[in-house]
Structures are given as C-alpha cells and as structure tokens.
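Q: Residue numbers (our numbering), protein chains in the order written: chain A, 12 to 133; chain B, 12 to 119. Glycine included, each C-beta is placed from N, C-alpha and C at the ideal position.
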C-alpha cells in the first residue's frame, strides 16, 4: 500500500534551518509529484511547493521563495523539505503529500504523510 | 491569486441529516480544478473529491461535489458520526498552483 512516512518532530531556534524527510513506499516514486503543505496550530492549510520526482523541477509558493528548498532522492524514494531562517510563525505541522500524477504542480493530493511538527522557539 | 471562502465556519448537525458546505471563489474557475478534503483532529487531510465528479479511492457516494463559476458545494447525505471533521476546498492548477479555503467544521 502507498505510504508516506515523515521524520520526527523538531525544535529549532529562530534563524536556524530545518530539514524534514518524507520516505515513500508502495508505488513507483517517479510517477507522482510530491507537494509540501503546512498547517499552523489551529489554522488552515498552506501550500509551500511541489517537486517533480521525475526530473527534480520545482515550483514554490511566493511566500516561501528563497527560504525553502525541495529535493527528491529517486534511488531511496524519499523527498525532503528544507526551510531556512526560521521564525516563530513557522511553527506548524509540515506535511508531504503525493500528487495524483506526475503531470505538473497543479494537481490534487491523494496520499499524505503523517505530518512533522516543527516548533521554532528561543 | 484566487481566494477561496468557505461557509459556514461551523455547521452543527445530527447524524442522518444532510450537510451542505459552500466554497466561493474570488474569480470564476472550472469545476475541473476544485477539490475537497476532510481532516480529523490529529490526522492529515484526506482527499474526498476532485474535479466535477471524481471521488477518491474508498470515498462513499454519500459525498458529492457540485457547482460552477464561483460557487461550489460539498454535499454529505446521511451524515454519519465518522463524518464530523473539518472540510477544506482547494483550487488547483492555477497560479499559484494551489490555494485552500479556510475550512468548515462539521460538528455534532
């Protein structure tokens, strides 16, 4: 079965960086893009970006341009999200989510990771 | 950027009733690029419906989507106890590629 398993919770200081992993299984990795979505405590969903697992192309939300990097490792079937210059308002649950195909960044998400809580606090 | 506004913020119903959740977009969009998700406390969202009539795997036909232009609706017929959750609409395929509504909480 399709699974996306994310790395554990992180606590970081303001100004630091965090890298969250998303290890996939149960399907052919390069056939489906991976998106990252975050959710601040008690808030809604915010799309951060997409990566093509086929060729590494990326598309980032404007709010995160220059501060986020998405990568994918085809041999291991893992995707990564690195967020830099962390602020307290980056405290959120970060989700990876598989797109329904590899056709591009604008597709809905059919499978999600369990989420990774990132807390930014001094 | 297209803004999605969901209403009501909270919908209180009893099991067996029908739920009608609204998603209004700031510009006209095709129903082909509208999706709905369900999120229960402590869980990741789950895709329910995308496009005009595509239910995701395992989603019962009690869930249906409709609408056009700027007004879209998720209907849940015969609400069951397991349906009480927060529901989000999503516009995809635009610029930016994804935007979400703020959510509607369906409560008992």
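Would you say residue 43 of chain A faces chain D, with C-beta separation under 8 angstroms as the test?
A: As a matter of chain content, chain D is missing from the structure shown, whose protein chains are A and B.
Q: Run through DSSP, which three-state label would residue 45 of chain A get?
A: Sequence index remark: in the first chain, residue 45 of chain A carries index 34 (1-based). Looking at residue 45 of chain A - three-state DSSP - the assignment turns out to be strand.
Q: Closest by CA to residue 27 of chain B, which one among B:86, B:99, B:62 and B:14?
A: Mapped onto the second chain, residue 27 of chain B falls at position 16. When only C-alpha atoms are compared, the closest one is B:86.
Q: Using a threshold of 8 angstroms, state whether the C-beta atoms of residue 90 of chain B and residue 116 of chain B are closer than that.
A: As a first step, residue 90 of chain B is located in the second chain; it is residue number 79 there, counting from the start. As a first step, residue 116 of chain B is located in the second chain; it is residue number 105 there, counting from the start. Cβ atoms of residue 90 of chain B and residue 116 of chain B: not closer than 8 angstroms.
Q: So what does residue 101 of chain B bridge to, in DSSP terms?
A: Indexing the second chain from 1 puts residue 101 of chain B at position 90. Residue 101 of chain B pairs with B:46 and B:111.
Q: Please report whether the beta-carbon of residue 126 of chain A lies at a distance below 8 angstroms from any beta-carbon of chain B.
A: Here residue 126 of chain A refers to the residue found at position 115 when the first chain is read from its first residue. With 8 angstroms as the cut-off, residue 126 of chain A counts as an interface residue toward chain B.
Q: Ends of the beta strand (DSSP E) at residue 129 of chain A?
A: Along the first chain, read from residue 1 onward, the residue named residue 129 of chain A stands at position 118. That run of the beta strand (DSSP E) goes 127-131.
Q: So, using beta-carbon positions, are residue 13 of chain A and residue 122 of chain A closer together than 8 angstroms?
A: In the first chain, counting from the first residue as 1, residue 13 of chain A sits at position 2. In the first chain, counting from the first residue as 1, residue 122 of chain A sits at position 111. Yes, Cβ-Cβ distance for residue 13 of chain A and residue 122 of chain A is below 8 angstroms.
Q: Alpha carbon to alpha carbon, how far is residue 94 of chain A from residue 25 of chain A?
A: Walking along the first chain from the start, residue 94 of chain A turns up at place 83. Walking along the first chain from the start, residue 25 of chain A turns up at place 14. Each residue's alpha carbon lies about 12 angstroms from the other.
Q: In the region 41-127 of chain A, which residue ranges form an unbroken beta strand (DSSP E) of at least 3 residues, counting only runs that do not cross its ends?
A: Runs found: 45-50, 57-62, 69-71, 79-84, 89-94, 103-110 and 120-123.
Q: Considering only their Cβ atoms, is the gap separating residue 79 of chain A from residue 71 of chain A smaller than 8 angstroms?
A: Within the first chain, the letter at position 60 stands for residue 71 of chain A. Within the first chain, the letter at position 68 stands for residue 79 of chain A. Contact flag set, yes.
Q: Would you mind giving the Cβ-Cβ distance between residue 38 of chain B and residue 13 of chain B, rounded to the nearest angstrom? I have them listed as a contact below 8 angstroms.
A: The count along the second chain starts at 1 and reaches residue 38 of chain B at position 27. The count along the second chain starts at 1 and reaches residue 13 of chain B at position 2. About 5 angstroms separates the two Cβ atoms, so the contact holds.
Q: Could you say which of A:16, A:40, A:58 and A:23 lies nearest to residue 99 of chain A if we only look at CA atoms?
A: What you label residue 99 of chain A is simply residue 88 of the first chain in a count that begins at 1. Comparing Cα-Cα distances from residue 99 of chain A to each of A:16, A:40, A:58 and A:23, the minimum goes to A:23.
Q: Starting from the C-beta of residue 119 of chain A, find all residues in its chain whose C-beta is less than 8 angstroms away, skip the five residues before and the five after it, and write them out in chain order.
A: Looking up residue 119 of chain A in the first chain gives position 108. Excluding residues within five positions, the ones whose Cβ falls inside 8 angstroms are 110 and 111.
Q: Given a threshold of 16 other Cβ atoms within 10 Å of its Cβ, counted over all protein chains shown, does residue 119 of chain B qualify as buried or as exposed?
A: Here the question's residue 119 of chain B lines up with position 108 in the second chain. It counts as exposed.
Q: Compare the C-beta of residue 66 of chain A with all C-beta atoms of chain B and state if any pair is closer than 8 angstroms.
A: As a position in the first chain, residue 66 of chain A is number 55, starting the count at 1. Not closer than 8 angstroms to any Cβ of chain B, the Cβ of residue 66 of chain A fails to qualify, so no.
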